[in-house]
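There are 2 protein chains.
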Amino acid sequence: MATIRSVAKLAGVSVATVSRVLNQRGYVHIETEKKVLKAIKELNYTPSIVARSLNNKKTNTIGLILPDITNPFFPELARAIEDVMQIYGYTVVLCNSDGSVEKEQEYIDILKQKYIDGIIISTSNFVIDQELFSQIPIVTLDRHVTSEKIPSVEGGNYEGAKLATEFLLSTGCKHIAHLQGPETIRNARERRDGYIDVLKAKGCFDGNLIVAADYDIKKATKVTFELLERDSSIDGIFAGNDLMAIGALKAIQMHGLRVPDDISVIGFDGIALGEMIYPELTTIAQPIYDMGAIAARILVKLIEEVPLESTHHKLDAQLVERRTTRRLST
Amino acid sequence: MATIRSVAKLAGVSVATVSRVLNQRGYVHIETEKKVLKAIKELNYTPSIVARSLNNKKTNTIGLILPDITNPFFPELARAIEDVMQIYGYTVVLCNSDGSVEKEQEYIDILKQKYIDGIIISTSNFVIDQELFSQIPIVTLDRHVTSEKIPSVEGGNYEGAKLATEFLLSTGCKHIAHLQGPETIRNARERRDGYIDVLKAKGCFDGNLIVAADYDIKKATKVTFELLERDSSIDGIFAGNDLMAIGALKAIQMHGLRVPDDISVIGFDGIALGEMIYPELTTIAQPIYDMGAIAARILVKLIEEVPLESTHHKLDAQLVERRTTRRLST
DNA sequence: ATGATATGTGTAACCGGTTACATATGAGGT
DNA sequence: ACCTCATATGTAACCGGTTACACATATCAT
Chain A
1 MATIRSVAKL AGVSVATVSR VLNQRGYVHI ETEKKVLKAI KELNYTPSIV ARSLNNKKTN
61 TIGLILPDIT NPFFPELARA IEDVMQIYGY TVVLCNSDGS VEKEQEYIDI LKQKYIDGII
121 ISTSNFVIDQ ELFSQIPIVT LDRHVTSEKI PSVEGGNYEG AKLATEFLLS TGCKHIAHLQ
181 GPETIRNARE RRDGYIDVLK AKGCFDGNLI VAADYDIKKA TKVTFELLER DSSIDGIFAG
241 NDLMAIGALK AIQMHGLRVP DDISVIGFDG IALGEMIYPE LTTIAQPIYD MGAIAARILV
301 KLIEEVPLES THHKLDAQLV ERRTTRRLST
Chain B
331 MATIRSVAKL AGVSVATVSR VLNQRGYVHI ETEKKVLKAI KELNYTPSIV ARSLNNKKTN
391 TIGLILPDIT NPFFPELARA IEDVMQIYGY TVVLCNSDGS VEKEQEYIDI LKQKYIDGII
451 ISTSNFVIDQ ELFSQIPIVT LDRHVTSEKI PSVEGGNYEG AKLATEFLLS TGCKHIAHLQ
511 GPETIRNARE RRDGYIDVLK AKGCFDGNLI VAADYDIKKA TKVTFELLER DSSIDGIFAG
571 NDLMAIGALK AIQMHGLRVP DDISVIGFDG IALGEMIYPE LTTIAQPIYD MGAIAARILV
631 KLIEEVPLES THHKLDAQLV ERRTTRRLST
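Chain order of the listed sequences is A and B.
Position 115 (the first sequence) corresponds to 115 in my numbering; numbering is contiguous.
Position 192 (the second sequence) corresponds to 522 in my numbering; numbering is contiguous.
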């Protein structure tokens with residue numbers, strides 16, 4: 001590999017001059033610049049980002065810590081982040097934490113050692129380390145941390161859940177069950193609370209209709225199947241995420257019940273998968289791609305020390321009516 | 331951040347000694363080592379990987395270039411790769427190429443500039459650059475390149491396709507259609523050829539029953555819907571991948587036909603999604619996770635210059651019978 | 001006693017960039 | 001004519017590690 005010194009020698013100038021033309025900084029005579037450019041081309045030279053990183057302490061690399069890229073919600077987020085990071089000249093390192101605090105911490109340590117410029121993390125149980133935040137730019141995404149200081153991007157979980165429940169009610173559902181995500185994950189609790197508050201306001205809340213399925217599709221199938229055996233009056237299910245909704249759908253069909261005639265199902269997230277299945281899933285869609293893109297832009301600002309207009313971003317989720325819910329009675 | 335020099339000063343030794351205890355190389359007196367370790371702990375020192383990279387030319391980072399992480403096949407691969415790379419102490423950079431040669435090349439250039447240690451790439455149209463291969467360790471995964479030298483990991487596409495077609499035949503299907511992937515992608519052609527060869531051997535091949543759906547779910551739905559309108563005799567569909575199979579399923583259900591009673595459907599890949607839907611998809615399952623893991627191990631060997639036993643790995647795909655195909659008549 | 005070898009440690013060059021500082025020249029203002 | 005400032009370029013230190021080499025001492029065989 002050609003180095004800056006070999007270029008300098010070939011062009012008959014000093015390394016400082018080569019560096020100047022490389023970075024378009026300082027004064028360089030137009031003729032000198034041409035010579036340097038010619039030498040660069042001739043040697044097929046590209047500067048070593050590693051060497052450069054050693055003094056600026058900038059690697060143009062960010063870390064993306066997700067629970068599990070295999071969960072269909074996250075690839076969409078990852079894609080968005082990668083797309084915008086590419087525009088800004090950053091590269092993204094992928095880390096799967098499986099939602100474990102230890103793994104998250106381990107990855108953070110490695111990333112710091114590698115002089116990564118910033119981190120986007122979707123975490124449930126991330127212990128807020130204010131010290132850490134002062135060391136490295138971080139933004140939390142979807143699953144966030146209780147901290148005023150750390151920028152966050154998330155969907156409107158509570159509001160979305162209310163929307164879902166109200167919609168089910170409006171289509172005539174009387175007994176609506178809720179498939180809940182992990183108690184430890186804040187957005188799962190918020191979605192449950194939205195559901196509870198709507199039903200309580202209507203005076204038809206029944207705690208027995210909330211079952212835990214941990215954002216897991218198989219668990220959702222199992223748990224829904226049991227729920228249906230136990231209680232035949234259920235005519236609507238609000239799942240805390242689309243994955244669980246799809247799991248529930250399967251259980252319903254296995255039960256020989258029809259969707260949406262016998263039971264309506266509504267999910268949450270708006271993952272692409274919802275459109276792929278039959279019948280297509282009605283859901284509260286979050287702007288997943290936008291969430292990722294915004295998180296990425298915020299991180300870039302943080303890194304480049306551009307002041308943020310606001311630190312906490314909540315993106316509205318909206319109802320996408322498809323085929324697993326009954327039509328509104330007009 | 332503490333540096334090796336500050337540690338050396340605190341411990342009262344030279345930087346070389348600190349480096350020695352850090353890398354467990356050379357002779358260090360046990361007492362000296364203790365002093366150094368104490369200083370390291372006291373300063374909470376971790377060596378800068380960037381500085382280290384500058385002389386070893388090793389970054390312990392690899393690039394993973396995939397067409398699109400949003401396609402459900404790839405997250406499983408990515409997960410496997412990340413898992414084994416983590417074991418070996420490597421970090422993985424994610425790149426989405428959208429199957430474009432330009433983007434692939436662009437990423438390769440950036441990765442090389444960053445002194446990445448190696449690349450795993452799933453490419454269809456990758457122009458084999460022997461020169462490139464001599465510059466940086468590469469392994470191709472799933473979608474590979476015609477080259478003896480570049481190690482590859484792939485599934486048994488041709489054999490798997492034969493298996494699928496034979497199975498459909500054995501369950502009594504008479505008119506089997508094929509949803510084909512992109513003509514440019516080698517594995518798509520191989521899968522088609524397996525299908526053709528089996529039917530030709532049986533003397534019941536009909537070219538009209540092959541339709542292009544480009545590994546795209548929506549296109550598969552559209553194309554299957556049209557196919558079904560055109561030809562009502564079809565009683566089996568072999569889709570070139572699971573995504574298209576799922577798309578086909580949707581079209582069949584929209585047509586009011588029953589699966590598998592009226593039409594059997596078999597996919598290819600064995601993505602997790604196949605189990606999530608209802609009815610569960612029969613498929614030719616590739617060991618996706620293993621493919622990723624093996625590719626990762628090969629790359630590590632390449633990087634660490636451990637000789638390879640073999641350069642081309644073909645992993646057998648196997649039939650996973652689920653609910654979209656009729657049972658074997660006994 | 002002597003040379004060979006194992007053990008233990010420090011100095012300084014090196015990896016490949018960036019940049020503070022020094023130096024030189026020419027143009028413009030007074 | 002002299003000072004100031006913009007333009008143009010080079011030298012060398014620095015970023016934070018690794019490592020070749022030098023040097024010193026201890027151990028052991030002959």
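Think of the CB as a built atom: it goes at the ideal place given N, C-alpha and C, for glycine as much as any other residue.
Residue-chain proximity (residue i, chain B), Cβ-Cβ < 8 angstroms
| i | result |
| --- | --- |
| A/Y45 | no |
| A/E82 | yes |
| A/E76 | yes |
| A/M276 | yes |
| A/T273 | Sequence inspection shows Leu at residue 273 of chain A; the Thr mentioned does not correspond to that position. Interface residue, yes. |
| A/Y88 | no |
| A/Q113 | yes |
| A/K222 | no |
| A/Q253 | yes |
| A/L299 | no |
| A/R79 | yes |
| A/T59 | yes |
Nearest to residue i (by Cα), restricted to the options the options
| i | options | result |
| --- | --- | --- |
| A/P331 | A/T17, A/K103, A/R297 and A/E166 | Outside the shown range of chain A (1 to 330) lies residue 331 of chain A, about which nothing can therefore be said. |
| B/I334 | B/I360, B/G356, B/R355 and B/L373 | B/L373 |
| A/K202 | A/I252, A/S100, A/T70 and A/C173 | A/C173 |
| A/A317 | A/T282, A/I176 and A/R326 | A/T282 |
| A/L249 | A/E229, A/I277, A/R230 and A/D231 | A/I277 |
| B/P467 | B/P609, B/R588, B/F568 and B/T391 | B/T391 |
| A/L10 | A/G26, A/I30, A/L37 and A/Q24 | A/L37 |
| B/K387 | B/G570, B/E489, B/L649 and B/E634 | B/E634 |
| A/L209 | A/A239, A/K219 and A/Y215 | A/A239 |
| B/K291 | B/L632, B/G524, B/G485 and B/N517 | This structure does not reach residue 291 of chain B, given that chain B is present from 331 up to 660, and the question cannot be answered. |
Beta carbon proximity, residue i to chain A, threshold 8 angstroms
| i | result |
| --- | --- |
| B/M621 | no |
| B/I547 | yes |
| B/N426 | yes |
| B/Y488 | no |
| B/S349 | no |
| B/T421 | yes |
| B/P402 | yes |
| B/A381 | yes |
| B/S452 | no |
| B/S594 | no |
| B/S378 | yes |
CB-CB length for residue i against residue j, believed under 8 angstroms
| i | j | result |
| --- | --- | --- |
| A/V211 | A/V223 | 5 angstroms |
| A/V93 | A/G63 | 5 angstroms |
| B/I446 | B/T389 | 6 angstroms |
| B/I451 | B/T470 | 6 angstroms |
| B/L603 | B/I576 | 7 angstroms |
| A/H175 | A/S100 | 37 angstroms between Cβ atoms; not a contact. |
| B/T400 | A/P75 | 5 angstroms |
| B/F555 | B/A581 | 4 angstroms |
| A/V21 | A/E33 | 5 angstroms |
| A/A285 | A/V259 | Contact flag wrong, Cβ pair sits at about 19 angstroms. |
| A/K35 | A/V13 | 7 angstroms |
| B/G566 | B/I601 | At roughly 21 angstroms, the Cβ-Cβ gap does not stay under 8 angstroms, so B/G566 and B/I601 are not in contact. |
| A/H312 | A/S170 | About 31 angstroms separates the two Cβ atoms, so there is no contact after all. |
| A/K114 | B/I379 | 5 angstroms |
| A/T46 | A/V28 | That pair is no contact at about 19 angstroms. |
Bridge partner(s) assigned by DSSP for residue i
| i | result |
| --- | --- |
| A/G118 | A/I62 |
| A/V15 | Paired residues: none, contrary to the question. |
| B/K644 | B/E484 |
| B/I607 | According to DSSP, B/I607 bridges with nothing at all. |
| B/V337 | Answer is none; B/V337 lacks a bridge partner. |
| B/G623 | Residue identity differs from the one stated: residue 623 of chain B is Ala in this sequence, not Gly. Paired residue(s): none; B/A623 is not in a bridge. |
| B/L649 | B/I614 |
**Q.** Within the region 525-601 of chain B, ranges of the beta strand (DSSP E) (whole runs, at least 3 residues)
**A.** 540-542, 566-569 and 594-599
Q) In chain order, which alpha helix (DSSP H) runs of at least 4 residues are fully inside the region 42-105 of chain A? A) 49-56 and 73-87
Q: With a floor of 3 residues, list each beta strand (DSSP E) that falls wholly inside the region 469-512 of chain B, ordered by position along the chain.
A: 482-485 and 506-510
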